[in-house]
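Chemist: Residue numbers (the working numbering): 45 to 470.
Just so it is clear, CB atoms sit at the ideal spot from N, CA and C, and this is done for glycine as well.
Remember, predicted model here, so these are calculated numbers, not experimental data.
My structure is below; once you've seen it, I'll send some questions.
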Amino acid sequence: MKKFYQISFYIFLTTLAIVMAACVENQEIIQKEFEEAYQESLKVEPQKSEKQNPYMVRTPEGANALDLETPLRCNVNWEDQQMILTLPYAKSAFKLERNGQNDPLPRFKVNGFTFDMMPAEQAMVRLTKEAGIRISSADGPYTSISAQDLQGEFSEVIKMIAESAGVYYSYNAKDKILTMSRHANMTLYMPHSRPIMLGLLDVIRGAGITNIVANWSDYSITFDADVDTQKKMTELIKFFESSPTLVAYDVSVFRLYPFDQSKDIEWKEMLNAFDFGSITTAQAGVIGRILTTTNDISVEKLQQFLGNQARIEAVSEGKFVVPNLWLARFDIGKCSAPGADPYGMSILAKASVEKGNQIFTDATVEVTDGQVTKFNIRSKLGENFLMIGLPNELFGIDSPKSETIIFMVPRLIRTLKTNEKVKNNL
């Protein structure tokens, strides 16, 4: 009997092993079929949505690359550069106008209007209540101000309150709505001069204004401005009424990739390659160095010297204009070479011209992430700048010992304010 149970238990274990083996084999087949089905699903193209969200779709780069300034800004004649250019323009050519509807306000007198530390829009509500005018504040709340015993024309009191708070207003007479805003759309009209217009565009960008529309048919620039920006533009117009001097900078930017990636560019070899005195000064910045050179070192000669040590890649070539004692910005990407990555690089310059054509330049190199380096340069007319030793790591390029260099040539543009009749006969 005991032997019978042993045989039965052995048969049970054998059967259980066979069943489990079958299950494992079946599981492997199922797993294999699942993996094959999953791999097939990856080959199927995803279904396109019938309607894409317009906020997730961007303008193609080809359309963004269109820039009307390109023929003027990105064309540098290195062979024939006028160091001093005289530029006549009509003295009454500048005009700053505010755009949009602004109907005349009702005419009546205001007597003894007083309020204490009240937001400007609330003061406006109190002032216009009896006139049945509604107040709309586009981007309030605004600065709290106080006033004591304001008197005069209704429109004059409105203007005083708006100016005290640093805001603009516009009035719609049909709907009796007065709208307040920190910004206003404006157009600056200027002389029909391309260098002057380029200079004004560079100054406006230097002030941080980017929403610019330039019209090259009537030589105007339209932009959104706050009160401080409007004051700067007014000062700029007054500046041009004094026949100012402008400083134009021709710029060439290129990258160097040493043939031997274990060695730096040997800049000291310039002392042997060029005559003594061709490099007049050498000064260190936060990063990199800046050399002041004579015209004996041109872009072409510099590239010939560097071609023995490194592969040269052109990044950008163009020009920008700086009114004396103003700050201007040149965005490298505006004139970047095909396939080059400008990496959001910009050059900001503030220039002053002293006696004897001495030029003092504060030059800053920036990228999207912030400032890279800065130099203060004193030079004579006819001398050039050469920024060296800017590691390409700063510009998102992982290449050992490679660097970016910037070659700049300053020139003078002397403006001459005159009348239209004399200007046309010059």
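1) When you compare only the Cα positions, how much space is there between Leu86 and Lys445?
2) Pull up the DSSP beta-bridge partners for Asp406, would you.
3) The alpha helix (DSSP H) spanning Val25 covers which residue range?
4) Output the boundary residues of the alpha helix (DSSP H) element that contains Val201.
5) Please report the distance separating the alpha-carbon of Gly383 from that of Gly440.
6) Take Gly6 and list the residues in its own chain whose beta-carbon comes closer than 7 Å to its own, dropping the five residues that flank it on each side.
7) Could you check whether the region 261-268 touches the region 214-226, counting it as contact only if at least three pairs of C-beta atoms, one from each stretch, sit closer than 8 Å?
8) Assuming Leu140 and Met230 are in contact, meaning their beta carbons sit under 8 Å apart, how far apart are those beta carbons, in whole angstroms?
9) If you drop the 5 nearest sequence neighbours on each side, which residues of the same chain put their C-beta closer than 7 Å to that of Ser237?
10) When you compare only the Cα positions, how much space is there between Phe284 and Ala137?
11) Enumerate in chain order the residues of its own chain whose CB-to-CB distance from Ser188 is below 7 Å, with the five nearest sequence positions on each side excluded.
12) Only counting the same chain, and skipping five residues up and downstream in sequence, which positions put a Cβ closer than 6 Å to that of Lys394?
13) What are the start and end residues of the alpha helix (DSSP H) that includes Lys399?
14) Is the beta carbon of Thr417 less than 7 Å from the beta carbon of Val330?
15) Say yes only if the C-beta of Thr412 is nearer than 6 Å to one or more non-hydrogen atoms of the ligand ZN, and no if none qualify.
16) With DSSP as the reference, please indicate the residues paired to Val295 in a beta bridge.
17) What does the Cβ neighbour count give for Val211, buried or exposed, with the cut at 16 atoms within 10 Å?
18) Considering only residues of the same chain and omitting the five flanking positions on each side of Val343, which have a CB-CB separation below 6 Å?
19) Flag this pair as yes or no: are the beta carbons of Glu165 and Met224 separated by less than 7 Å?
20) Per DSSP, what kind of secondary structure is Thr139 in: helix, strand or coil?
Modeler: Let me spell this out:
1) Here Leu86 scores only 48 on pLDDT, less than 50, and its place in the model is too uncertain to base an answer on.
2) Lys394, Asn420
3) Lying outside 45 to 470, the shown extent of the chain, residue 25 is not represented and no answer is given.
4) 198-209
5) 15 Å
6) Residue 6 cannot be examined here, being either before or after the span of the chain that is shown, 45 to 470.
7) no
8) 6 Å
9) Leu131, Tyr133
10) 10 Å
11) Met161, Met162, Pro163
12) Leu371, Asp406
13) Taken as a continuous stretch (DSSP letters only), Lys399 belongs to no alpha helix (DSSP H), as it is neither H nor E.
14) yes
15) This structure does not include the ligand ZN; it has no bound ligands of any sort.
16) Gly362, Met452
17) buried
18) Trp122, Ser296, Phe451
19) yes
20) Reading off the sequence, residue 139 comes out as Lys, not Thr. Residue state, collapsed to three classes: strand.
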